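Scroll down for the structure; my scribbles are underneath it.
Number of protein chains: 2
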Amino acid sequence: MQSDWLSQPAVPLNETARLTAEKRQAQLTKPPGSLGALEGVAIRLAAMQGVTCPMLEQVQISIFAADHGVVAEGISAFPQAVTQEMVRNFARGGAAICVLAKQLHTDFEVVNLGTVEADENLPGVRNQRIAPGTANFTRQPAMTAEQLMQALDAGQQAVARAVDAGCQLFIGGEMGIGNTTSASALACALTGMPPARLAGPGTGLDQNGVDHKIRVIQQSLDLHQGRLDDPLEILRRLGGFEIAALTGSQIACAQKGVPVLVDGFIASVAALAAAGINSAVKEWLLFAHRSAEPGHIRVLEALEAEPLLDIGMRLGEGSGAATALPLLRLACALHGEMATFAEAGVSERDG
Amino acid sequence: MQSDWLSQPAVPLNETARLTAEKRQAQLTKPPGSLGALEGVAIRLAAMQGVTCPMLEQVQISIFAADHGVVAEGISAFPQAVTQEMVRNFARGGAAICVLAKQLHTDFEVVNLGTVEADENLPGVRNQRIAPGTANFTRQPAMTAEQLMQALDAGQQAVARAVDAGCQLFIGGEMGIGNTTSASALACALTGMPPARLAGPGTGLDQNGVDHKIRVIQQSLDLHQGRLDDPLEILRRLGGFEIAALTGSQIACAQKGVPVLVDGFIASVAALAAAGINSAVKEWLLFAHRSAEPGHIRVLEALEAEPLLDIGMRLGEGSGAATALPLLRLACALHGEMATFAEAGVSERDG
Numbered sequence: 010m011q012s013d014w015l016s017q018p019a020v021p022l023n024e025t026a027r028l029t030a031e032k033r034q035a036q037l038t039k040p041p042g043s044l045g046a047l048e049g050v051a052i053r054l055a056a057m058q059g060v061t062c063p064m065l066e067q068v069q070i071s072i073f074a075a076d077h078g079v080v081a082e083g084i085s086a087f088p089q090a091v092t093q094e095m096v097r098n099f100a101r102g103g104a105a106i107c108v109l110a111k112q113l114h115t116d117f118e119v120v121n122l123g124t125v126e127a128d129e130n131l132p133g134v135r136n137q138r139i140a141p142g143t144a145n146f147t148r149q150p151a152m153t154a155e156q157l158m159q160a161l162d163a164g165q166q167a168v169a170r171a172v173d174a175g176c177q178l179f180i181g182g183e184m185g186i187g188n189t190t191s192a193s194a195l196a197c198a199l200t201g202m203p204p205a206r207l208a209g210p211g212t213g214l215d216q217n218g219v220d221h222k223i224r225v226i227q228q229s230l231d232l233h234q235g236r237l238d239d240p241l242e243i244l245r246r247l248g249g250f251e252i253a254a255l256t257g258s259q260i261a262c263a264q265k266g267v268p269v270l271v272d273g274f275i276a277s278v279a280a281l282a283a284a285g286i287n288s289a290v291k292e293w294l295l296f297a298h299r300s301a302e303p304g305h306i307r308v309l310e311a312l313e314a315e316p317l318l319d320i321g322m323r324l325g326e327g328s329g330a331a332t333a334l335p336l337l338r339l340a341c342a343l344h345g346e347m348a349t350f351a352e353a354g355v356s357e358r359d360g
Numbered sequence: 010m011q012s013d014w015l016s017q018p019a020v021p022l023n024e025t026a027r028l029t030a031e032k033r034q035a036q037l038t039k040p041p042g043s044l045g046a047l048e049g050v051a052i053r054l055a056a057m058q059g060v061t062c063p064m065l066e067q068v069q070i071s072i073f074a075a076d077h078g079v080v081a082e083g084i085s086a087f088p089q090a091v092t093q094e095m096v097r098n099f100a101r102g103g104a105a106i107c108v109l110a111k112q113l114h115t116d117f118e119v120v121n122l123g124t125v126e127a128d129e130n131l132p133g134v135r136n137q138r139i140a141p142g143t144a145n146f147t148r149q150p151a152m153t154a155e156q157l158m159q160a161l162d163a164g165q166q167a168v169a170r171a172v173d174a175g176c177q178l179f180i181g182g183e184m185g186i187g188n189t190t191s192a193s194a195l196a197c198a199l200t201g202m203p204p205a206r207l208a209g210p211g212t213g214l215d216q217n218g219v220d221h222k223i224r225v226i227q228q229s230l231d232l233h234q235g236r237l238d239d240p241l242e243i244l245r246r247l248g249g250f251e252i253a254a255l256t257g258s259q260i261a262c263a264q265k266g267v268p269v270l271v272d273g274f275i276a277s278v279a280a281l282a283a284a285g286i287n288s289a290v291k292e293w294l295l296f297a298h299r300s301a302e303p304g305h306i307r308v309l310e311a312l313e314a315e316p317l318l319d320i321g322m323r324l325g326e327g328s329g330a331a332t333a334l335p336l337l338r339l340a341c342a343l344h345g346e347m348a349t350f351a352e353a354g355v356s357e358r359d360g
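See below:
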């Protein structure tokens with residue numbers, strides 16, 4: 010199982026731009042290193058955008074929504090109907106990510122890949138319905154091979170639209186009741202860690218609920234045992250449409266040379282799959298925040314990722330990435346607009 | 010030694026506004042707690058501003074600059090001339106904080122309280138010259154009682170100007186070569202911790218430099234021993250004009266009901282002194298970031314402060330606070346603009 014485009018190479022980072030950006034950072038009127046992580050972010054973005062001074066004016070936020078058959082196992086604190094209710098909330102601008110997108114002047118779209126019941130005509134929502142949710146992966150694979158490809162392609166298509174609009178940074182978000190169970194199962198299969206290290210409360214399970222979720226994930230891993238050694242097959246058996254779309258978007262960004270700002274637990278698990286499918290993708294990923302979902306720290310470790318924020322967010326929808334976006338923009342502004350020691354006539358450090 | 014205004018009471022927080030803000034947070038379309046620290050920030054700002062939905066459009070950044078006599082002991086990686094050179098860089102808009110203030114659309118001013126050599130007419134720089142730097146506190150008190158009051162008053166005056174301009178949040182920054190040595194000495198005297206736990210590289214000392222700095226601070230603590238039991242007297246003997254101005258600004262903000270976003274190591278030590286002088290000040294302080302300067306974590310612990318960012322910044326100038334400002338603004342926007350469950354027709358959690 011392989012779609013043609015997935016294995017196409019990523020754009021190589023521009024090492025000349027990285028070096029000129031590093032040189033510029035060292036000349037700015039501040040003690041070297043004193044802007045902390047903002048310095049490295051600006052330099053990485055320079056290497057990605059192939060310029061000494063990167064810009065992040067044009068940012069795309071695409072939210073992928075879908076339902077999960079595994080919800081039948083009672084693994085979520087919220088009812089399944091909330092996925093579609095939140096799609097309507099996105100369309101009306103009432104969700105957290107809508108408020109953030111408006112404040113941050115980003116482009117924003119929602120792609121419905123398969124809620125159980127879908128409205129046809131919601132403003133700002135694209136209907137790319139694959140099925141009314143995935144199958145229950147405690148009993149069978151979550152998707153057919155064709156469904157997986159449709160979901161991956163939906164991510165690629167969102168990136169293609171973003172590139173056409175001049176996108177300088179891509180944020181993918183997700184909505185899908187039950188998707189921390191799917192993401193935890195995926196992370197188990199992709200890393201080999203047991204469910205107890207990766208499953209957490211999601212939208213708000215208590216300890217009994219988390220224990221049940223761990224048993225459900227273990228049962229699924231047992232069912233699919235022996236067929237979990239390829240990242241695409243793992244995604245097909247245990248994933249969700251919206252998670253696979255995030256994976257597809259991350260691979261497509263690397264292939265189009267667009268930096269990705271990765272959100273929280275679900276988006277990071279998607280990145281784990283993306284890096285498994287095409288290892289060069291990792292170079293194009295910036296990590297926004299460490300989620301309060303306890304498994305996220307382990308997924309970040311597996312990705313060798315150092316996120317910018319650690320403020321206890323765990324909402325999804327791309328909200329953590331959007332919240333970190335101003336830090337990236339300030340990093341670019343500082344890098345591009347501060348005076349150098351020579352320009353400002355400021356003395357450098359003593360001998 | 011006490012100026013009339015310093016002991017005036019702080020404005021009490023508005024507990025009614027806090028409760029209505031908490032109630033509103035609980036109704037927004039997200040799992041409770043899922044916006045992490047952004048929820049508590051919005052609620053605290055509501056209690057400070059006395060409204061259900063706080064706003065941070067009008068923000069003041071005031072930078073206080075001054076020189077330090079203790080620089081004669083060779084405790085800084087950069088020469089003393091850099092303080093004034095950076096004041097010129099502020100005036101020309103080339104410093105980090107200028108770029109941040111412009112990006113964030115804040116008001117911005119620089120107050121020169123006493124660089125060794127001062128230019129008289131720099132745009133955007135107020136000259137309130139107390140002396141050409143403090144005295145070397147390894148040999149005598151850094152300031153006279155009158156000089157200390159002038160510095161504290163300068164902070165109060167900056168807040169008065171900000172209030173006149175409709176300020177909804179105050180950020181105080183500092184510039185003064187040598188001021189991590191002064192701040193470390195102050196923190197030792199205010200907390201009782203030894204210099205080795207509070208002194209660090211500042212703008213970039215190597216380990217030998219840090220060891221020397223520790224000895225200089227210990228020598229100063231020994232000289233002033235027995236006279237370090239009052240926070241104002243500690244500030245007079247070991248402080249700097251710009252640090253005392255920050256302390257004055259923090260006390261004045263609490264008295265005028267203006268939230269303060271505290272920057273890094275120096276501003277937090279100023280807050281330690283402010284809380285020592287007038288304990289109600291602490292309720293008006295929000296902490297922006299944990300600096301890479303190693304003593305900062307201990308000062309934050311002493312203040313029971315939990316900063317938002319931890320990204321290795323250590324520049325001063327108010328730059329860490331400015332970098333955190335977008336998070337506070339997004340917290341307010343989310344709090345004020347998200348739909349409630351009832352408005353959006355979204356189901357609440359099961360059970």
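Chains as they are written, first to last, in the numbering used here: chain H, 10 to 360; chain P, 10 to 360. Note that the Cβ used here is the ideal one computed from N, Cα and C, for glycine as well. What you are looking at is a predicted structure, and each value in this text was computed from that prediction instead of being measured.
Near P:R27, which residues of its chain fall below 7 Å by C-beta distance, leaving aside the five closest residues on each side in sequence? Locating residue 27 of chain P in the second sequence gives position 18, where the first residue counts as 1. A distance below 7 Å between beta-carbons, with the five flanking residues on each side excluded, links P:R27 to the following residues of its chain, in chain order: I52, A55, A56.
Give the DSSP-derived three-state secondary structure of P:V271 in the structure shown. One-based indexing of the second sequence puts residue 271 of chain P at position 262. The answer is strand: DSSP assigns P:V271 an E or B state.
Could you tell me the distance, in whole angstroms, from the CA atom of P:E346 to the CA atom of H:L294? As a first step, residue 346 of chain P must be located in the second sequence, where it is residue number 337. As a first step, residue 294 of chain H must be located in the first sequence, where it is residue number 285. Taking C-alpha positions only, P:E346 is separated from H:L294 by approximately 30 Å.
Beta-carbon of H:W14 versus every beta-carbon of chain P: anything under 8 Å? Your numbering for residue 14 of chain H matches position 5 in the first sequence. H:W14 does not count as touching chain P.
Between the segment 280 to 297 of chain P and the segment 238 to 247 of chain P, do at least 3 Cβ pairs fall closer than 8 Å? At 8 Å Cβ cutoff, the stretches touch.
Does any C-beta atom of chain H lie closer than 8 Å to the C-beta of P:P303? Your numbering for residue 303 of chain P matches position 294 in the second sequence. Interface with chain H (8 Å Cβ-Cβ cutoff): P:P303 is excluded.
So, is the C-beta of P:I306 closer than 8 Å to a C-beta in chain H? Mapped onto the second sequence, residue 306 of chain P falls at position 297. Closer than 8 Å: no.
Around the C-beta of H:G175, are 16 or more other C-beta atoms found within 10 angstroms, so that it is buried, or is it exposed? As a first step, residue 175 of chain H is located in the first sequence; it is residue number 166 there, counting from the start. Classification of H:G175: exposed, given that the 10 Å Cβ count is below 16.
In terms of residue numbering, what span does the beta strand (DSSP E) encompassing P:Q69 cover? Translated into the one-based positions of the second sequence, residue 69 of chain P becomes position 60. That run of the beta strand (DSSP E) goes 68 to 75.
For a contact defined as C-beta to C-beta under 9 Å, what are the partners of H:T324 on chain P? In the first sequence, residue 324 of chain H corresponds to position 315, counting from 1. Before going on, a small fix: residue 324 of chain H reads as Leu here, not Thr. Taking a Cβ-Cβ threshold of 9 Å, the residues of chain P close to H:L324 are K39, P40, S43, L44, G45, in chain order.
Per-residue burial, P:T143 [other beta carbons within 10 Å of its own, 16 or more giving buried]: Numbered from 1 along the second sequence, position 134 holds the residue referred to as residue 143 of chain P. Residue environment analysis places P:T143 among the buried positions, since at least 16 neighbouring C-beta atoms fall within 10 angstroms of its C-beta.
Which term fits P:Q259, buried or exposed, when burial requires 16 or more other beta carbons within 10 angstroms of its beta carbon? The residue you call residue 259 of chain P lines up with position 250 of the second sequence. A residue is called buried once 16 or more other Cβ atoms fall within 10 Å of its Cβ, and P:Q259 is buried on that count.
Any chain H beta carbon closer than 8 Å to P:D319: For the purposes of this step, residue 319 of chain P is taken as residue 310 along the second sequence, with counting starting at 1. Closer than 8 Å to the CB of P:D319 there is at least one CB belonging to chain H.
Would you kindly work out how many angstroms separate the C-alpha atoms of H:T29 and H:F350, rounded to a whole number? Here residue 29 of chain H refers to the residue found at position 20 of the first sequence. Here residue 350 of chain H refers to the residue found at position 341 of the first sequence. Straight-line spacing of the CA atoms in H:T29 and H:F350 works out to 16 Å.
Within 10 angstroms of the Cβ of P:Q17, are there 16 or more other Cβ atoms? Answer buried if so, exposed if not. As a first step, residue 17 of chain P must be located in the second sequence, where it is residue number 8. By the 10 Å Cβ count, P:Q17 comes out exposed.
Do P:L255 and P:F117 have their beta-carbon atoms positioned less than 8 Å apart in this structure? Mapped onto the second sequence, residue 117 of chain P falls at position 108. Mapped onto the second sequence, residue 255 of chain P falls at position 246. No, Cβ-Cβ distance for P:F117 and P:L255 is not below 8 Å.
Where H:Q264 meets chain P, residues with beta-carbon distance less than 7 Å: On the first sequence, residue 264 of chain H is found 255 positions in, with the first residue counted as 1. Neighbours of H:Q264 on chain P: none; closest Cβ ~30 Å, over 7 Å.
Find out if the Cβ-Cβ distance for the pair H:A86, H:G211 is shorter than 8 Å. As a working note, residue 86 of chain H is residue 77 in the first sequence. As a working note, residue 211 of chain H is residue 202 in the first sequence. Yes, the Cβ-Cβ distance between H:A86 and H:G211 is below 8 Å.
Could you say which of P:A342, P:Q234, P:V355 lies nearest to H:L109 if we only look at CA atoms? Residue numbering aside, residue 109 of chain H sits at position 100 when the first sequence is read from its first letter. Nearest Cα to H:L109 within the set P:A342, P:Q234, P:V355: P:A342.
Compare the C-beta of P:G354 with all C-beta atoms of chain H and state if any pair is closer than 8 Å. As a position in the second sequence, residue 354 of chain P is number 345, starting the count at 1. True, the Cβ-Cβ gap to chain H drops below 8 Å.
I need the straight-line Cα distance from H:V91 to P:S356, nearest angstrom please. Indexing the first sequence from 1 puts residue 91 of chain H at position 82. Indexing the second sequence from 1 puts residue 356 of chain P at position 347. The alpha-carbon atoms of H:V91 and P:S356 are separated by roughly 6 Å.
Report the partner residues of H:N121 according to the DSSP bridge assignment. One-based indexing of the first sequence puts residue 121 of chain H at position 112. In the DSSP output, where bridge partners are listed per residue, H:N121 has H:A74, H:N136.
Which same chain residues end up closer than 7 Å to P:K222 when comparing Cβ atoms and leaving out the 5 residues on each side of it in sequence? For the purposes of this step, residue 222 of chain P is identified with residue 213 of the second sequence, where counting begins at 1. When the five nearest sequence neighbours on each side are left out, the beta carbons in the same chain lying within less than 7 Å of the beta carbon of P:K222 are those of I84, T190, A208, L214, in order along the chain.
Below-8 Å beta-carbon distance, H:G213 vs any chain P residue: Start at 1 with the first residue of the first sequence, and residue 213 of chain H comes out as number 204. So yes, H:G213 belongs to the interface.
Outcome for P:H114 when other beta-carbon atoms lying within 10 angstroms are tallied against a minimum of 16: Taking the first residue of the second sequence as position 1, residue 114 of chain P is located at position 105. By the neighbour-count criterion, in which a residue is buried when 16 or more other Cβ atoms sit within 10 angstroms of its Cβ, P:H114 is exposed.
So with Cβ pairs under 8 Å, would you call H:Q228 a contact of chain P? Start at 1 with the first residue of the first sequence, and residue 228 of chain H comes out as number 219. No, H:Q228 does not count as interfacial toward chain P.
Less than 8 Å between the C-beta atoms of H:T38 and H:A353, yes or no? Taking the first residue of the first sequence as 1, we reach residue 38 of chain H at position 29. Taking the first residue of the first sequence as 1, we reach residue 353 of chain H at position 344. Cβ distance < 8 Å, so H:T38 and H:A353 count as in contact.
Closest residue to P:A340 among H:A340, H:P335, H:L131 (Cα-Cα distance): Against the second sequence, residue 340 of chain P aligns to sequence position 331. Shortest Cα-Cα distance from P:A340 to any of H:A340, H:P335, H:L131 involves H:P335.
Check each residue of the segment 96 to 112 of chain H: if its Cβ is closer than 9 Å to any Cβ of chain P, include it; give the result in chain order. For the segment 96 to 112 of chain H, which is checked against every Cβ of chain P, the residues closer than 9 Å are R97, N98, R101, G102, G103, A104, A105, C107, V108, L109, K111, Q112.
Would you decide whether H:G182 is buried or exposed? Buried here means 16 or more other CB atoms lie within 10 Å of its CB. Residue mapping note: residue 182 of chain H aligns to position 173 of the first sequence, counting from 1. It is buried - the Cβ of H:G182 has at least 16 other Cβ atoms within 10 Å.
Length at least 4, wholly inside the segment 31 to 95 of chain H: the alpha helix (DSSP H) runs in chain order: You should have 46 to 58.
C-beta neighbour in chain H for P:L339, strict 8 Å: Translated into the one-based positions of the second sequence, residue 339 of chain P becomes position 330. Taking 8 Å as the CB threshold, P:L339 lines the interface with chain H.
With 16 as the cutoff for other CB atoms within 10 Å, does H:E66 come out buried or exposed? Taking the first residue of the first sequence as 1, we reach residue 66 of chain H at position 57. H:E66 should be labelled exposed.
Coarse secondary structure for P:F179, derived from DSSP in three states: The residue you call residue 179 of chain P lines up with position 170 of the second sequence. P:F179: strand per DSSP, three-state reduction.
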